[in-house]
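A.B. asks: Quick one: structure below, then a few questions.
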Amino acid sequence: MADRLKFDLVSPEKLVLSAEVDMVEVPGAEGDFGVLPNHSPVMAMLRPGTLTVESDGKRQSFELDGGFVDVTPEGVTVLAENISGA
Amino acid sequence: MASLKELRNRIASVQATQKITRAMQMVAASKLRRAQEAAEAARPYADRMGAVLGNLAASINDVETAPKLLAGTGSDKRHLLIVATAERGLCGGFNSSIARLAREDAQKLMADGKQVQILCVGRKGHDVLKRYFDKELLEPVSYQGLKSIGFDQAQEVAGRILDDFTADGFDICTLYYSKFENVISQVPTGLQIIPARFDDSQTPELGGAAYDYEPEENDILDALLPRNIAVQILRALLENAASEQGARMTAMDNATRNAGEMIESLSITYNRSRQAQITKELIEIISGAEAL
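First to last, the protein sequences are chains S and V.
The first sequence begins at 537 in the working numbering and counts up one residue at a time.
The second sequence begins at 20 in the working numbering and counts up one residue at a time.
The structure is reproduced here in structure tokens:
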């Protein structure tokens with residue numbers, strides 16, 4: 537099993553980020569949650585907030601204006617409009 | 020036979036036209052690249068959205084409680100056709116082929132006794148369809164003068180459709196646009212967006228684990244389905260933009276070549292008649308001298 541997470545951050549206009557990461561923290565509609573590798577499958581709405589990606593000890597954050605996250609055994613996909621910050 | 024002066028003017032005007040078509044071809048080529056990139060960049064979102072929704076739709080067993088955008092209104096009497104075309108002409112058969120497909124479908128539906136409404140996005144489709152339909156046409160949406168189509172525009176169109184759907188204005192919505200295959204081939208396509216149809220083959224393998232939903236499935240569907248409409252429209256508009264430039268490039272390339280051929284044949288005629296005139300003058304002089 538992979539000990540890293542395949543992460544895709546997609547906006548309607550382009551693929552913002554596609555990378556292998558260690559952890560993703562998303563602003564869920566019913567509370568923030570972190571996703572580590574081998575997370576159980578989840579589909580959740582996102583509220584406007586900050587999404588943080590951790591990779592090799594480095595943190596990268598994005599401001600989202602709401603969206604949607606899909607966690608599958610293959611990885612995490614975040615669909616969001618109006619993504620800003622790098 | 021036209022006079023020499025007439026021929027000279029003709030050649031000059033064809034040359035000017037050729038200059039214009041050549042410039043348009045080059046402009047279309049550079050715009051095409053950008054439009055193609057935009058269309059390709061939009062693909063991941065639409066594909067993922069489709070996969071996620073297909074997944075969700077498959078997990079909903081109870082059709083009774085499913086949102087209307089997915090299950091439909093239970094009737095197929097009233098159709099809304101969205102016809103996406105370009106704002107400008109001079110792009111070969113691009114606009115007319117989309118309009119023709121939509122027209123044929125609309126006439127078929129009307130012959131079957133269904134009610135049809137047509138919403139045009141883009142001025143050209145409206146201009147063409149206006150001749151065949153009158154009361155079926157809704158106020159068109161036009162993005163004339165706008166540099167590039169973005170998610171905002173798609174959302175605007177989607178909002179209008181959704182408002183109409185919520186107000187129970189129609190049962191089935193089909194989107195007509197031109198799918199961009201490659202530079203020389205664009206395929207006019209009709210895609211049903213309400214009620215939504217999904218490709219089941221994209222559903223990912225979960226390895227036996229069940230999905231957790233946060234909030235409930237139906238809430239997520241309620242939020243995602245309207246967004247999906249906007250995404251589908253955006254994709255159609257971007258594909259359309261790329262197709263338009265591709266079609267224009269091909270059309271202008273043909274026009275430039277035709278102008279070249281025309282100039283060639285006109286120049287031959289011009290040279291022949293000039294030669295003939297010189298010969299005639301010479302004969303006149305010589306026969307005049309001999310008569311002396």
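From the three backbone atoms N, C-alpha and C, an ideal C-beta is built for every residue, glycine too.
(1) Output, in sequence order along the chain, the residues in the segment 230-248 of chain V whose CB is closer than 9 Å to any CB in chain S.
(2) Give me, in chain order, the residues of the same chain whose beta-carbon lies closer than 7 Å to that of LEU128 of chain V; leave out the 5 immediate sequence neighbours on both sides.
(3) Fully enclosed by the segment 106-154 of chain V, which alpha helix (DSSP H) runs are 4 residues long or longer?
(4) For the alpha helix (DSSP H) holding ILE39 of chain V, just list the boundary residues, first then last.
(5) Let me check understanding here. Comparing Cα to Cα, which of S:SER597, S:GLY611, S:ALA580 and S:PRO584 lies closest to LEU243 of chain V?
(6) Give the straight-line distance between the Cα atoms of ARG583 of chain S and SER576 of chain S, rounded to the nearest whole angstrom.
(7) Scan the segment 602-618 of chain S for residues whose Cβ lies nearer than 7 Å to a Cβ of chain V and list them as they occur along the chain.
(8) For chain V, is any of its Cβ atoms less than 8 Å away from the one on LEU551 of chain S?
(9) Taking the alpha helix (DSSP H) that LYS299 of chain V belongs to, which residues open and close that run?
(10) Helix or strand or just coil, what does DSSP make of ASP601 of chain S?
(11) Is VAL176 of chain V helix, strand or coil by DSSP?
(12) For GLN221 of chain V, which residues in the same chain have their Cβ closer than 7 Å to its Cβ, ignoring the five residues on either side in sequence?
(13) Can you tell me which of V:ALA270, V:ILE282 and V:ALA85 puts its alpha carbon nearest to the alpha carbon of GLY108 of chain V?
(14) Using the three-state DSSP reduction, which class does PRO543 of chain S fall into: helix, strand or coil?
(15) Please report whether the beta-carbon of ARG52 of chain V lies at a distance below 8 Å from any beta-carbon of chain S.
(16) Based on the DSSP output, what are the partners of THR104 of chain V in its beta bridges?
C.D. replies: Let's see:
(1) For the segment 230-248 of chain V, the beta-carbon criterion of a distance under 9 Å to any beta-carbon of chain S is satisfied by TYR230, ASP231, TYR232, GLU233, PRO234, GLU236, ASP238, ILE239, ALA242, LEU243 and ARG246.
(2) Taking the first residue of the second sequence as position 1, residue 128 of chain V is located at position 109. These residues qualify, in order along the chain: HIS98 and VAL135.
(3) Runs found: 113-130 and 142-148.
(4) Here residue 39 of chain V is taken as the residue at index 20 of the second sequence, counted from 1. Under the DSSP assignment, ILE39 of chain V falls in the alpha helix (DSSP H) whose first and last residues are 23-78.
(5) Taking the second sequence and counting its residues from 1, one reaches residue 243 of chain V at position 224. Distance check between LEU243 of chain V and each of S:SER597, S:GLY611, S:ALA580 and S:PRO584 places S:ALA580 closest, using alpha-carbon atoms only.
(6) Counting from 1 along the first sequence, the entry for residue 583 of chain S is found at position 47. Counting from 1 along the first sequence, the entry for residue 576 of chain S is found at position 40. Those two C-alpha atoms are separated by around 21 Å.
(7) Using a CB distance below 7 Å, the part of the segment 602-618 of chain S facing chain V consists of PHE604, ASP606, THR608, PRO609, GLU610, THR613, LEU615 and GLU617, ordered along the chain.
(8) Residue mapping note: residue 551 of chain S aligns to position 15 of the first sequence, counting from 1. Yes, LEU551 of chain S counts as interfacial toward chain V.
(9) Within the second sequence, residue 299 of chain V is the residue found at index 280, counting from 1. First-last of the alpha helix (DSSP H) with LYS299 of chain V: 236-310.
(10) For the purposes of this step, residue 601 of chain S is identified with residue 65 of the first sequence, where counting begins at 1. DSSP places ASP601 of chain S in coil when its eight states are reduced to three.
(11) In the second sequence, counting from the first residue as 1, residue 176 of chain V sits at position 157. Here VAL176 of chain V sits in helix by DSSP.
(12) As a first step, residue 221 of chain V is located in the second sequence; it is residue number 202 there, counting from the start. With a pLDDT of 48 at GLN221 of chain V, under the threshold of 50, the predicted position of this residue should be treated as unreliable, and no value is reported.
(13) The residue given as residue 108 of chain V occupies position 89 in the second sequence. Out of V:ALA270, V:ILE282 and V:ALA85, the CA that lies nearest to the CA of GLY108 of chain V is found in V:ALA270.
(14) Residue numbering aside, residue 543 of chain S sits at position 7 when the first sequence is read from its first letter. Here the sequence assigns Phe to residue 543 of chain S, which means Pro is not the residue at that position. In the displayed model, PHE543 of chain S falls within a strand according to three-state DSSP.
(15) Taking the second sequence and counting its residues from 1, one reaches residue 52 of chain V at position 33. Not an interface residue.
(16) Here residue 104 of chain V refers to the residue found at position 85 when the second sequence is read from its first residue. Bridge pairing for THR104 of chain V: absent [DSSP].
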